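Here the protein sequences line up with chains A and B, keeping their order.
Under the numbering used here, think of the first position of the first sequence as 2, with each following residue one higher.
Under the numbering used here, think of the first position of the second sequence as 5, with each following residue one higher.
Take a look at the structure below.
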Amino acid sequence: MLEVDDLLVALPMGGQLMPVLSGVSFALAKGDSVGLVGESGSGKSMTALAIMGLLPPGARVGGRIGFDGRDLLAASEAELCAIRGRRIAMVFQEPMTALNPLLSIGAQVAEPLRIHQRLSRAEAGGRARLLLDRVGLSRVPAHHYPHQLSGGQRQRVVIAMALACGPDLLIADEPTTALDVTVQAQVLDLLADLAEETGMALLLITHDLGVVSETARNMLVMYAGRVVEQGPTVDVFARMSHPYTRALLAASPHEAGGRPLAIPGQVPDALHRPQGCAFAPRCTRAQADCTESVPPLHGTRPHLAACRHPHAPP
Amino acid sequence: MTAPLLQVAGLVHDYTLPRRHPFAAAGRLRVLHGIDVTVPAGGSLGVVGESGSGKSTLARCVLALERPQAGSVRLRGQDLFALSASDLRAARRHVQAVFQDPYGSLDPRHSVGRIIAEPVASLEPGVSHRDRHARVAAMLEAVGLPAASAYKYPHEFSGGQRQRIAIARALVTNPALVVADEPVSALDVSVQAQVLNLMLDLQERLRLAWLFISHDLGVVRCISARVVVLYRGRIVEEGPTGAVFDRPLHPYTQALVAAVPRIGQGRRTGVATTEEPPPADGCAYAGRCPMAQARCRAEAPLLRADGERRVACHFTVSPPPEIVVTS
C-alpha cells in the first residue's frame, strides 16, 4: 500500500541544499507495521513529514512515495489535502501542543469528520463519542477540554482524532515518549488492536528499541539520514549486523542493570556529515575503507545492513 | 550508628486547590501521605511511580522548596524546616538539584560560567572572584566540558551538554546530596548513557549521594542501589533495586515491571486498563489491583519490613512476616 523508494530530501541550510535524507526505501502492506528507530537528527521524523507532504518550505525531494499506486511526491496540494487526515493520519509526540486548548475534545475529534466526510454537527458529535469510547475514554465527557485530562488521556484523544476517518495508514511519531510506562503499554496495545481490527497500517517512530520489538513487524534503523539496517524485527534483533544497531542496544539502560555503554560523540548534523559511512567516527569497528564511500545496503533480503565490517552477515 | 545523610520521616504534603468561587473554602489535595525514606552518605535512592504519584513533590520538599504540612526532612541531622532562614540558606549548600528540562533550567542570557558560579555567589558569600573562577573551571573539567565553555551561552550547547552544565552547577558548592528530577528523560539513548555514566563516576569520586527521580525503570536500575515505588503519595514498596525489579512483591510494582517493553518478547498480555476510583479507606491501589479483595477496600495496608525490603500490601506473593518484638 505504501512504497517508499529511494527517498531523498534536501533542505536549504547555510546557503546551500544539504541532503537530510538519502536512499530511504521500504514498503508497508495493509495491516502491517514498521518501526523507525534512531537518535534525534537521524531523519525519522523527516521521513514521516515527507510521506505526509509536510516538509518545510524550500525542501527538495527525490525518489518516489507510492500510496495506492499514486506518487505522493507528484500529487498536487489539493490531492494531498484529500488524503491527509482521511487516508493517512498522524499522531504527534506532544499531545498538549497537538490539541487546541480552546476547543472541547468532542469538537476536535469531530472536526476531521466534518471536513472530510461533511457530516452534520450532530452526526459528527455522535461518531466522536463512539471514537472516544473506542480509545478507552468512555468515562470522559466529550465537552471536556484538554487541560482537564491527563497526559495519557490527551494522547488517546489525539489517536481518536487520527482514527476519525478510518485511515489506511497511521503515522505515530514517538506517540508514547511523554507517557508513563503503564499508560504507554495501554496506548501501544490500543494501536496494535486497531491495526488488527481495521487492517490499518502503522508507521511507528520511536527511539525505544523495546517499543519497536513489541509493536512493529519490520524495522528500519536510521543514522544521519540513511537507513543503516532494516528487516523483520525478529531477524534484526536475533542477528544485529550494523555496529550502530548494537551500540543503540548497549546504550539502552533497560537490560539487566549495570552501566550503559555510551556511544562517544554525537550524531553529525546535515552540514557536518563525514565522508563515507557517517557512523565511522563513532564506530569501534571502523577501518580505513569505511571513510572512502558510503557502504550500500546489502545482505540476504529482507534483512539488510549498510556496513563493510558487520558484526554478523545480515 | 551515625545518622543517615538524608532522613525523611512522616512527610505529609497538601496542595491548596483553587476556590470554586470567591467565597468558597479552598479545597486541599493530599499528595504525600506520610513518606519515610533515608539516603546514606554516598548512596543513591531511586524514586519511581507514575505521574501524580508525588515523586516531584517529594523532591521539592527535600530541597526545602515546599513546606510540608507534617513530618520532617533531616539533612546531616538538621531538620530543614526547623532552621531559621539564614541557617536554611547555609544548609542549602549541601543539597542541590538537577532538573529534567536542560532547555528551561539554564538562563539563556547568562554565560555558562555565570550559571555555574551562581550557587557559590549566593550561598557562599565569602568566596573571592578568583576562587569562584577556579571552581567553575574545575567543575567544567569534572563534567567533561572544555574550560572555554565558561564564556559561551546555553544555546551553543546540545541537550546532553546542557545537562552536564546543570550537573556542574549542582556540584559547585560541594553538596553531599543532589536531587535529580528526571535528569535524562529528555535525552537520546546514547547521550542518556553518557550522562548516566558521568553521574555514576561523580558519585564514586566525590562520595556524592543521589536522590534520583524517574519514571524509567531501566534508568533507575542502572543508577540507584535502592528504590522506592510511590503510588498516589504512598510508598508501596522499597528495597534493593535489583531485588525489587526482579521479584516485585506489590501488585503495582509487578504491573510497572510488566509494562516495560522488552526486546524479543513480542506483545505483552494486556495491562489492566480499568480504573475504579480508589476506596475512601483501604488500599489506594485497590481500584486497579487484579488481586483486590474485600479487606483491601476496607483497611489500608501498612508498610511492613521484610529484611531489606518493605512492602504495603495485604496479599503479597510471599507475605513478609510481621516484626515480632520480643521483650
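Note that CB positions come from ideal geometry on N, CA and C, so glycine has one too.
All figures in this text were calculated on a predicted structure; none of them were measured in a lab.
| request: Say whether chain B places a C-beta atom closer than 7 Å to the C-beta of Glu215(A). | output: Taking the first sequence and counting its residues from 1, the one referred to as residue 215(A) is at position 214. Glu215(A) counts as touching chain B.
| Cβ atoms of Ser228(B) and Gly50(B): under 7 Å apart, would you say? | The residue labelled residue 50(B) in the question sits at position 46 within the second sequence. The residue labelled residue 228(B) in the question sits at position 224 within the second sequence. Note that the C-beta distance between Gly50(B) and Ser228(B) is below 7 Å.
| Bridge-paired residues (DSSP) for Val232(B) | For the purposes of this step, residue 232(B) is taken as residue 228 along the second sequence, with counting starting at 1. Note: Val232(B) sits in a beta bridge opposite Val51(B) and Glu242(B).
| said: Closer than 7 Å between beta carbons: that is the criterion. Which residues of the region 225 to 238 of chain A meet it against chain B? | reply: Phe238
| field | Every unbroken beta strand (DSSP E) within the region 95 to 123 of chain B, with a cutoff of 3 residues, ordered by chain | value | 99 to 102
| task | List the residues of chain A whose Cβ lies closer than 8 Å to the Cβ of Asp105(B), in chain order. | result | As a working note, residue 105(B) is residue 101 in the second sequence. Result: empty, since nearest Cβ-Cβ is about 12 Å, beyond 8 Å.
| message | So Glu80(A) contacts chain B; which residues on that side make the cut at Cβ distance below 7 Å? | response | Translated into the one-based positions of the first sequence, residue 80(A) becomes position 79. Neighbours of Glu80(A) on chain B: none; closest Cβ ~36 Å, over 7 Å.
| query | Using the C-alpha atoms, what's the distance from Leu307(B) back to Glu242(B)? | reply | On the second sequence, residue 242(B) is found 238 positions in, with the first residue counted as 1. On the second sequence, residue 307(B) is found 303 positions in, with the first residue counted as 1. Each residue's Cα considered, the two are about 9 Å apart.
| Since His219(B) meets chain C, which of its residues come closer than 7 Å, beta carbon to beta carbon? | In the displayed structure, chain C is absent; the protein chains listed are A and B.
| field | Simplified DSSP assignment, three categories, for Leu10(B) | value | In the second sequence, the residue the question calls residue 10(B) occupies position 6. Strand at Leu10(B).
| Residues bridged to Glu230(A) by DSSP? | The residue labelled residue 230(A) in the question sits at position 229 within the first sequence. Bridge partners of Glu230(A): Val222(A) and Ala306(A).
| message | Beta carbons nearer than 8 Å to chain B: which residues of the region 162 to 191 of chain A have them? | response | Asp181, Val182, Thr183, Val184, Gln185, Ala186, Gln187, Leu189 and Asp190
| message | Taking only three categories from DSSP, how would you classify Val328(B)? | response | Here residue 328(B) refers to the residue found at position 324 when the second sequence is read from its first residue. Since pLDDT at Val328(B) reaches only 46, below the 50 mark, its modelled position is unreliable, and the value read off the structure follows with that caveat. Reduced to three states, the DSSP call for Val328(B) is coil.
| query | Just the Cα atoms here: how many angstroms apart are Pro233(A) and Asp169(A)? | reply | For the purposes of this step, residue 233(A) is taken as residue 232 along the first sequence, with counting starting at 1. For the purposes of this step, residue 169(A) is taken as residue 168 along the first sequence, with counting starting at 1. Cα to Cα, the separation comes out at about 21 Å.
| query | At a CB-CB cut-off below 9 Å, which residues of chain B make contact with His208(A)? | reply | The residue you call residue 208(A) lines up with position 207 of the first sequence. By Cβ distance, chain B contributes Asp192 and Val193.
| Assuming Ile171(B) and Ser214(A) make a contact with CB atoms under 8 Å, what is their CB distance in whole Å? | Taking the first residue of the second sequence as 1, we reach residue 171(B) at position 167. Taking the first residue of the first sequence as 1, we reach residue 214(A) at position 213. Wrong, their Cβ atoms sit about 32 Å apart, outside the cutoff.
| field | Length of the line joining the Cα atoms of Ala174(B) and Pro123(B) | value | Taking the first residue of the second sequence as 1, we reach residue 174(B) at position 170. Taking the first residue of the second sequence as 1, we reach residue 123(B) at position 119. Roughly 8 Å between the two C-alpha positions.
| query | If His145(A) sits next to Ile106(A), beta carbons under 8 Å apart, how far is it from one beta carbon to the other, in whole angstroms? | reply | Locating residue 145(A) in the first sequence gives position 144, where the first residue counts as 1. Locating residue 106(A) in the first sequence gives position 105, where the first residue counts as 1. The pair is a contact, with the Cβ atoms about 6 Å apart (cut-off 8 Å).
| field | Under 8 Å by beta carbon: chain B residues contacting Leu249(A) | value | As a working note, residue 249(A) is residue 248 in the first sequence. Simply Val193 and Ser194.
| said: Can you find the residues in the same chain that come closer than 6 Å, C-beta to C-beta, to His254(B), ignoring five residues on each side of it along the sequence? | reply: What you label residue 254(B) is simply residue 250 of the second sequence in a count that begins at 1. These residues qualify, in order along the chain: Val240, Glu241, Val315 and Cys317.
| query | Just how far apart, CA to CA, sit Asp270(A) and Ala83(A)? | reply | Residue 270(A) sits at position 269 when you count from the first residue of the first sequence. Residue 83(A) sits at position 82 when you count from the first residue of the first sequence. Answer to the nearest angstrom: the Cα atoms are 34 Å apart.
| Does the count of Cβ pairs from the region 197 to 205 of chain B and the region 22 to 38 of chain B closer than 8 Å reach three? | no
| said: By the DSSP assignment, the beta strand (DSSP E) with Met19(A) in it spans what residues? | reply: Residue numbering aside, residue 19(A) sits at position 18 when the first sequence is read from its first letter. Element bounds for Met19(A): Gln17 to Leu29.
| Going straight from the alpha carbon of Cys300(B) to that of Asp285(B), what length do you get? | Here the question's residue 300(B) lines up with position 296 in the second sequence. Here the question's residue 285(B) lines up with position 281 in the second sequence. C-alpha separation (whole angstroms): 9 Å.
| message | According to DSSP, simplified to helix, strand and coil, what is Pro13(A)? | response | If you number the first sequence from 1, residue 13(A) lands on position 12. Correct three-state label for Pro13(A): strand.
| message | For Arg65(A), which residues in the same chain have their Cβ closer than 8 Å to its Cβ, ignoring the five residues on either side in sequence? | response | Taking the first sequence and counting its residues from 1, one reaches residue 65(A) at position 64. For Arg65(A), where only same-chain residues beyond five positions count, the Cβ hits under 8 Å are Glu4, Val5, Asp6, Asp7, Leu8, Asp72 and Leu74.
| message | Looking at the secondary structure, which residues open and close the beta strand (DSSP E) in which Ile206(A) lies? | response | As a first step, residue 206(A) is located in the first sequence; it is residue number 205 there, counting from the start. Residues Ala202 to Thr207.
| Can you round the beta-carbon distance between Arg140(A) and Ala125(A) to whole angstroms, since I take them to be within the 8 Å contact cut? | Indexing the first sequence from 1 puts residue 140(A) at position 139. Indexing the first sequence from 1 puts residue 125(A) at position 124. No, Arg140(A) and Ala125(A) are not in contact; Cβ-Cβ is about 21 Å, not under 8 Å.
| Three-state secondary structure assigned by DSSP to Pro323(B) | Translated into positions along the second sequence, residue 323(B) becomes position 319. Only weak support is given to the placement of Pro323(B): the predicted model assigns it a pLDDT of 45, under 50, and the value that follows is read from those uncertain coordinates. Reduced to three states, the DSSP call for Pro323(B) is coil.
| task | With a 10 Å radius around its C-beta and 16 neighbouring C-beta atoms as the bar for buried, classify Glu326(B) as buried or exposed. | result | Residue mapping note: residue 326(B) aligns to position 322 of the second sequence, counting from 1. Any reading at Glu326(B) must be qualified, since the residue scores a pLDDT of 46, below 50, and its modelled position is unreliable; no value is offered.
| query | In whole angstroms, what separates the C-alpha of Phe103(B) from that of Pro261(A)? | reply | Looking up residue 103(B) in the second sequence gives position 99. Looking up residue 261(A) in the first sequence gives position 260. The straight-line gap from Cα to Cα measures roughly 21 Å.
| request: Can you say whether Asn219(A) is buried or exposed, counting buried as having 16 or more other CB atoms within 10 angstroms of its CB? | output: For the purposes of this step, residue 219(A) is identified with residue 218 of the first sequence, where counting begins at 1. Result: buried.
| said: As a quick exercise: from Gly59(A), Pro254(A), Gly127(A) and Arg302(A), pick the residue whose alpha carbon is nearest that of Leu12(A). | reply: Locating residue 12(A) in the first sequence gives position 11, counting from the first residue. Minimum Cα distance to Leu12(A) is reached at Gly59(A).
| said: Just list the residues that DSSP pairs Leu210(B) with in beta bridges. | reply: What you label residue 210(B) is simply residue 206 of the second sequence in a count that begins at 1. Paired residues: none, contrary to the question.
| Is the shortest distance between the beta-carbon of Glu95(A) and the beta-carbons of chain B less than 7 Å? | Taking the first sequence and counting its residues from 1, the one referred to as residue 95(A) is at position 94. It does not: the Cβ of Glu95(A) has no partner Cβ on chain B nearer than 7 Å.
| field | Reduced DSSP category for Thr161(B) - H, G, I as helix; E, B as strand; rest coil | value | Your numbering for residue 161(B) matches position 157 in the second sequence. It is Phe, not Thr, that sits at residue 161(B) in the sequence shown. Phe161(B): coil per DSSP, three-state reduction.
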